[in-house]
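Have a look at the structure below before the remarks.
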Amino acid sequence: MVDIQADASGACRGRPNPAASPDRMVIALAGNPNTGKSTLFNALTGLKQHTGNWPGKTVMKVEGRYIFRKKEFILVDLPGTYSLLANSVEEQVARDFICFACPDATVVVTDATCLERNLNLVLQVLEITSRVVVCVNMMDEAERKKIRVDTEILSKELGVPAVAITARNGRGFRELLDAIHDVAGGVITTSPRLVLYNPEIERMVTGLEQKIGPLLPERLNPRWVALRLIDGDHSILNAIKCYLGGNAEVKGKVHASNTRCS
Ligand SMILES: Nc1nc2c(ncn2[C@@H]2O[C@H](COP(=O)(O)OP(=O)(O)OP(=O)(O)O)[C@@H](O)[C@H]2O)c(=O)[nH]1
Ligand SMILES: [Mg+2]
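With the working numbering applied, the sequence shown corresponds to residues 68 to 329, in that order.
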């Protein structure tokens with residue numbers, strides 16, 4: 068089993084994930100608790116991650132693999148979270164993996180029966196990375212409740228592929244695997260919908276983004292880091308320090324830029 072660590076030193080300094088190669092993609096499975104991530108993970112990898120009908124079953128990330136179109140995909144089942152603001156261990160594990168381990172794609176698993184609530188996390192992930200596939204799970208339940216989900220419109224609105232599945236019986240898997248393959252391999256170029264904040268915040272973001280952009284690794288989104296700093300999320304400074312291999316100079320410069328801006 069390939070060991071993928073979100074904290075693999077230097078993993079994100081403009082270099083792809085060390086576990087990745089042209090024939091091996093690293094895919095993160097994110098989503099709200101109880102949306103069926105582990106059920107999907109088990110179905111694709113043949114492993115037996117614990118699943119059950121209560122939130123918070125997956126606490127740490129777990130890795131498995133599957134082969135599709137002669138390529139190896141390392142699938143990482145992340146803990147369920149409602150946000151990526153690092154307010155809990157689960158949120159921090161999920162955030163750090165998506166931000167710093169440089170997955171080739173992140174699949175956000177949502178529950179078709181309460182899609183609106185799930186989209187909050189989708190928008191947060193889209194602020195971090197453009198390599199996203201939105202997976203609309205529990206279609207069997209949605210149909211039972213006479214809920215219709217138009218994945219074509221959803222995909223257009225979000226700017227990334229959206230695929231409807233039922234993880235329990237494998238419905239929609241082929242389309243999902245195609246979408247993951249295409250996004251991870253860069254066959255599809257996405258244009259994720261970004262949340263725009265009020266003009267004052269946008270001005271601050273632009274200023275900060277310009278200052279910290281050159282200091283950050285290529286695949287770490289400066290807009291997202293700027294938003295977190297404006298939000299007063301100091302854990303991001305520690306995460307940057309940690310994942311940039313303890314580069315105190317970078318941390319100091321980012322910190323100074325943030326202080327000047329605020
Ligand atoms: N009806 C239906 N139930 C599903 C489907 N997928 C998963 N479930 C059920 O939903 C519950 C939660 O599934 P999990 O796979 O454990 O969810 P999870 O997202 O990994 O949960 P956390 O680890 O807590 O974040 C389980 O009872 C699953 O059997 C589906 O497509 N349809
Ligand atoms: Mg789980």
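The C-beta atom is built at its ideal place from N, Cα and C for all residues, glycine as well.
Alpha carbon of Met68 to alpha carbon of Thr102, nearest angstrom: Caution is warranted here: a pLDDT of 32 is assigned to Met68, below 50, making its placement in the model unreliable, and the coordinate value is therefore given only provisionally. Rounded to the nearest angstrom, the two C-alpha atoms are 26 Å apart.
Between the beta-carbon of Tyr310 and the beta-carbon of Phe167, is there less than 8 Å? Result yes, Cβ atoms of Tyr310 and Phe167 sit closer than 8 Å.
State the Cα-Cα distance for the pair Lys137 and Thr112, rounded to the nearest angstrom. Note on geometry: alpha-carbon atoms of Lys137 and Thr112 lie some 15 Å from one another.
Indicate whether Ala172 and Asn204 have their beta-carbon atoms separated by less than 8 Å. No.
Using 10 angstroms around the beta-carbon of Thr148, count the other beta-carbons present and answer buried if the total reaches 16, otherwise exposed. Buried: at least 16 other Cβ atoms inside 10 Å.
Enumerate in chain order the residues of its own chain whose CB-to-CB distance from Trp291 is below 7 Å, with the five nearest sequence positions on each side excluded. Sequence-distant Cβ neighbours of Trp291 in its own chain, meaning closer than 7 Å and more than five residues away, are Glu194 and Ile195.
Are there three or more Cβ pairs, one per stretch, closer than 8 Å when the region 229 to 237 is compared with the region 249 to 267? When C-beta atoms of the region 229 to 237 are compared with those of the region 249 to 267, fewer than three pairs fall below 8 Å, so the two segments do not count as touching.
Buried or exposed for Met127, going by 16 or more other Cβ atoms inside 10 Å? By the neighbour-count criterion, in which a residue is buried when 16 or more other Cβ atoms sit within 10 angstroms of its Cβ, Met127 is exposed.
How many angstroms separate the CA atom of Val129 from the CA atom of Leu145? Using only the alpha carbons, I get a separation of about 7 Å.
Give the DSSP bridge partners of Thr233, in chain order. In the DSSP output, where bridge partners are listed per residue, Thr233 has Arg238.
Can you tell me whether Gln72 is helix, strand or coil according to DSSP? No answer about Gln72 holds up, because its pLDDT of 37 lies below 50 and its placement is not dependable.
So, helix, strand or coil for Ala293, using DSSP? Three-state result, Ala293: helix.
Buried versus exposed, by CB contacts within 10 Å (16 or more), Gly98: Burial check for Gly98: the Cβ neighbour count within 10 Å reaches 16 or more, so the residue is buried.
Taking Leu263 as part of the alpha helix (DSSP H), name the residues at either end of that continuous run. No alpha helix (DSSP H) holds Leu263; DSSP gives it neither H nor E.
Check whether the Cβ atoms of Ala153 and Asp300 sit closer than 8 Å, and answer yes or no. Taking C-beta atoms as the reference points, Ala153 and Asp300 count as a pair closer than 8 Å.
Please classify Asn265 as buried or exposed, where buried requires at least 16 neighbouring CB atoms within 10 angstroms. The C-beta of Asn265 has fewer than 16 other C-beta atoms within 10 Å across all chains shown, which makes the residue exposed.
Does the beta carbon of Gln116 fall short of 7 Å from some heavy atom of ligand 4? Of the ligands this structure carries, namely ligand 1 and ligand 2, none is ligand 4.
Please classify Glu157: is it buried, with 16 or more other beta-carbons within 10 angstroms of its beta-carbon, or exposed? Per the 10 Å Cβ criterion, buried.
Going along the chain, which residues of its own chain have a beta-carbon closer than 7 Å to the beta-carbon of Gly226, five neighbours each way excluded? Short of 7 Å from the beta carbon of Gly226, and not among the five residues preceding or following it, lie these beta carbons of its own chain, in chain order: Thr257, Ser258, Pro259 and Arg260.
What are the uninterrupted segments assigned as alpha helix (DSSP H) that are 4 or more residues long and contained completely in the region 193 to 219, given in chain order? List check, alpha helix (DSSP H) in window: 206 to 211.
Beta-carbon contacts of Val262 that lie in its chain and below 6 Å, excluding the five residues immediately before and after: Here the set comprises Leu190.
Taking all protein chains shown into account, decide if Lys115 is buried (16 or more other Cβ within 10 angstroms of its Cβ) or exposed. Burial state of Lys115 is exposed, judged by a 10 Å Cβ sphere holding fewer than 16 other Cβ atoms.
Closer than 7 Å: is that where the CB of Thr177 sits relative to any heavy atom of ligand 1? When distances are taken from the beta-carbon of Thr177 to the heavy atoms of ligand 1, even the shortest one reaches 7 Å or more.
By a C-beta neighbour count over all protein chains shown, 10 Å radius and 16 as the cutoff for buried, is Gly131 buried or exposed? Under this definition Gly131 is a buried residue.
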